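Residue numbers (our numbering): 155 to 308.
For every residue, glycine included, the Cβ atom is placed at its ideal position computed from N, Cα and C.
This one's a predicted model, so the numbers in the text were calculated from it and none came from an experiment.
Some notes on the structure that comes next.
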């Protein structure tokens with residue numbers, strides 16, 4: 155039993171590392187409009203949506219997640235108008251190992267992994283930007299997910 159748990163944790167740790175290193179180009183949704191649109195991407199039966207919040211803040215919402223143990227998101231945005239991003243973990247992933255990378259202007263990478271699969275709907279993350287001037291905004295969102303066996307959800 156310990157060997158199975160050790161193998162599962164290794165798979166999950168590798169998935170997080172890959173998610174933060176730039177691997178994967180799961181389903182994506184691009185927008186060419188200048189307003190801050192609602193973007194959404196579907197992975198299997200789950201959907202991840204980016205919803206505008208107050209000011210230059212956004213909420214990353216997950217819906218219909220079923221047995222998701224790992225998730226990797228890439229969000230691109232207009233860095234000239236939105237500025238530096240700050241990411242906080244959402245309630246849907248409470249208890250999961252959560253990491254975000256905002257070091258590349260115009261790109262946010264989010265990875266989360268949990269030893270217990272996540273099912274349901276709710277906020278995955280909240281994103282706030284330093285400024286919200288101009289007409290640029292969020293450009294795209296892509297997502298990859300794995301189940302508790304480390305198998306990619308399609």
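Under the three-state reduction of DSSP, which class applies to residue 238: helix, strand or coil?
Counting from one through the chain shown, the residue named residue 238 turns up at place 84. In this structure, residue 238 counts as coil in the three-state DSSP scheme.
For the beta strand (DSSP E) containing residue 272, name the first residue and the last one.
Residue 272 sits at position 118 when you count from the first residue of the chain shown. Note, residue 272: beta strand (DSSP E), 261-283.
How would you write the range of the beta strand (DSSP E) that residue 297 sits in, first residue to last?
As a working note, residue 297 is residue 143 in the chain shown. Residue 297 -> beta strand (DSSP E) spans 292-300.
For residue 308, count the other beta carbons within 10 Å of its own beta carbon; 16 or more makes it buried, fewer makes it exposed. Which is it?
The sequence position of residue 308 within the chain shown is 154, counting from 1. Result: exposed.
Taking 7 Å as the limit between beta carbons, can you name the residues of its chain near residue 243, skipping five residues before and five after?
Along the chain shown, read from residue 1 onward, the residue named residue 243 stands at position 89. Answer for residue 243: 252 and 279, listed in chain order.
For residue 257, does the count of other Cβ atoms within 10 angstroms reach 16, so buried, or fall short, so exposed?
For the purposes of this step, residue 257 is identified with residue 103 of the chain shown, where counting begins at 1. Burial call: exposed.
So, for residue 290: in the same chain, excluding its five sequence neighbours on each side, which residues have a beta-carbon less than 6 Å away from its beta-carbon?
Taking the chain shown and counting its residues from 1, the one referred to as residue 290 is at position 136. Taken in chain order, the residues that qualify are 232 and 235.
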